[in-house]
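Below is one structure, written out as structure tokens; the observations come after it.
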Amino acid sequence: TPNINRISSSGITFTSSFCTTPQCSPSRASLQTGQYPHRTGIITNENMAAGRGIPLNPALPSIGNIFRKNGYNTVYYGKWHLGGNPALHNWQEYRKVKGNQLTLLGTLFLLSKPPEPFFLFLSYTNPHDIYQFARLKEISEDVSDIKLPVSFEDNLSYKPYPQLQFMKEDQGKFIYKKDIETWKAYRKFYRQKVKLVDNEIGIVLDALEKSGLKERTIIVFTSDHGDMDTAHRLVFKGPFMYEELIRVPLIISFPGRIPSGEKRHQ
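Under the numbering used here, think of the first position of the sequence shown as 4, with each following residue one higher.
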């Protein structure tokens, strides 16, 4: 992650940052409001097409509202996953895009001499596309350089039963009885998705520098949750609260205003 490292080298990295819940929508609601899921009412993933979940309540205080009321131009590009219309939360412009299209919008915004102050929120999907691995019909990757974590040897039979049930009967069953090479391939596939999003972030950072705005722009990098990544012989996210899933990156960079390359462990 050379480009995420660029943010880290110019800011503070918080090594003990945890999401409020390892599910996309509830965690994203917390990021928007600063409140726990039982306060936002978003306690499961939003999927209006399936009749599941409720949209984020526009009456709740949120970062879009706070920044807009303080004179910021608020722009949100990418994954929302909170139902309803982001405009109701005072995001003046919203585009549902992903990958390089998201990067293109972000860079065009930065290079267009945007009115200041502005709050640009770029919400990338990856590495969440690790879920595509379950649909692969053939795995031909060289995984000789991939090591599995020590906890891969865990025996789920003595863990809370939902963990084993998730792997045997639910989303994990595609890999549960596969050979070691398949598990290593999963781990490699995940790293490829991380690299993809890191590349996109690098393009945005280059645009920020080219725009001349870098020295007066605060950058915050974080995520809504992690992935088990074969730790404890588990994949994706599910009914478990291991550190691999709930500890998330948090980096804040503000050149000349906060220490560079510092790590905070509290």
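We treat Cβ as the ideally placed atom computed from N, Cα and C, and that holds for glycine. Model, not experiment: these values are computed from the prediction.
Just reading off the alpha helix (DSSP H) that Y161 is part of, what are its end residues?
-> Position 158 of the sequence shown, counting from 1, holds the residue named residue 161. No alpha helix (DSSP H) holds Y161; DSSP gives it neither H nor E.
Identity of the residue in E49, L237, E96 and H92 nearest S154 by Cα | In the sequence shown, the residue the question calls residue 154 occupies position 151. Nearest option by C-alpha distance: L237.
Between F124 and Y79, what straight-line distance do the alpha-carbon atoms span, to the nearest angstrom?
-> For the purposes of this step, residue 124 is identified with residue 121 of the sequence shown, where counting begins at 1. For the purposes of this step, residue 79 is identified with residue 76 of the sequence shown, where counting begins at 1. Spanning the two alpha carbons is a distance of roughly 5 Å.
Check whether the Cβ atoms of F192 and I133 sit closer than 8 Å, and answer yes or no.
-> By 1-based counting over the sequence shown, the position of residue 192 is 189. By 1-based counting over the sequence shown, the position of residue 133 is 130. Yes, these two residues count as a Cβ contact at 8 Å.
Beta-carbon proximity list for G264, same chain, < 6 Å, skipping 5 on both sides | Here the question's residue 264 lines up with position 261 in the sequence shown. Scanning its chain for C-beta atoms nearer than 6 Å, with the 5 sequence neighbours on each side dropped, one finds around G264 the residues S12, in chain order.
Can you round the beta-carbon distance between G3 and N93 to whole angstroms, since I take them to be within the 8 Å contact cut?
-> There is simply no residue 3 to check, as the chain begins at 4 and stops at 269 in what is shown.
If we ignore side chains and look at the alpha-carbon of each, how far apart do D227 and N76 end up?
-> Along the sequence shown, one-based indexing puts residue 227 at 224. Along the sequence shown, one-based indexing puts residue 76 at 73. Spanning the two alpha carbons is a distance of roughly 24 Å.
Taking only beta-carbon atoms, is L159 less than 8 Å away from chain D?
-> The structure shown contains no chain D; it holds only a single protein chain.
Thinking C-beta only, is Q195 closer than 8 Å to P242?
-> The residue labelled residue 242 in the question sits at position 239 within the sequence shown. The residue labelled residue 195 in the question sits at position 192 within the sequence shown. Contact check for P242 against Q195 fails: the beta carbons are separated by 8 Å or more.
Residue burial classification, G175 (beta-carbon count within 10 angstroms, cutoff 16) = Taking the first residue of the sequence shown as 1, we reach residue 175 at position 172. G175 should be labelled buried.
Distance, Cα to Cα, A274 vs L114?
-> Residue 274 is absent from the structure shown; the chain starts at 4 and stops at 269.
So, G81 versus L105, is the Cβ gap smaller than 8 Å?
-> Taking the first residue of the sequence shown as 1, we reach residue 81 at position 78. Taking the first residue of the sequence shown as 1, we reach residue 105 at position 102. Cβ distance < 8 Å, so G81 and L105 count as in contact.
Where P219 and F257 are concerned, what is the direct C-alpha to C-alpha distance, given to the nearest angstrom?
-> In the sequence shown, counting from the first residue as 1, residue 219 sits at position 216. In the sequence shown, counting from the first residue as 1, residue 257 sits at position 254. Just to set this straight, residue 219 is Arg in the shown sequence, not Pro. The alpha-carbon atoms of R219 and F257 are separated by roughly 7 Å.
Can the beta-carbon of T225 be found closer than 8 Å to that of V197?
-> The residue given as residue 225 occupies position 222 in the sequence shown. The residue given as residue 197 occupies position 194 in the sequence shown. Their beta carbons are not under 8 Å apart, which means T225 does not touch V197 by this criterion.
Quick one: give me the first and last residue of the beta strand (DSSP E) that R260 is part of.
-> Here residue 260 is taken as the residue at index 257 of the sequence shown, counted from 1. No residue range can be given for R260, since it is assigned to no beta strand (DSSP E) and is classified by DSSP as neither H nor E.
Hey, would you say P130 sits closer than 8 Å to V200, going by beta carbons?
-> Walking along the sequence shown from the start, residue 130 turns up at place 127. Walking along the sequence shown from the start, residue 200 turns up at place 197. Judged by their CB atoms, P130 and V200 are nearer to each other than the 8 Å cut-off.
Alpha helix (DSSP H) containing T4: first to last residue?
-> Residue mapping note: residue 4 aligns to position 1 of the sequence shown, counting from 1. Here T4 belongs to no alpha helix (DSSP H), and DSSP marks it neither H nor E.
Cβ-based neighbour list, P25, same chain, cut-off 6 Å, excluding 5 preceding and 5 following | As a position in the sequence shown, residue 25 is number 22, starting the count at 1. Around P25: H228, K240, L248 and I249.
Whether T110 touches A210 by CB criterion (8 Å) | Counting from one through the sequence shown, the residue named residue 110 turns up at place 107. Counting from one through the sequence shown, the residue named residue 210 turns up at place 207. A contact, by the Cβ cut-off of 8 Å.
Burial state of Q135, where buried means 16 or more other Cβ atoms lie within 10 Å = Within the sequence shown, the letter at position 132 stands for residue 135. Answer is exposed; the Cβ neighbour count stays below 16.
Alpha-carbon to alpha-carbon, H268 and N103 = As a first step, residue 103 must be located in the sequence shown, where it is residue number 100. As a first step, residue 268 must be located in the sequence shown, where it is residue number 265. Their Cα atoms are separated by approximately 33 Å.
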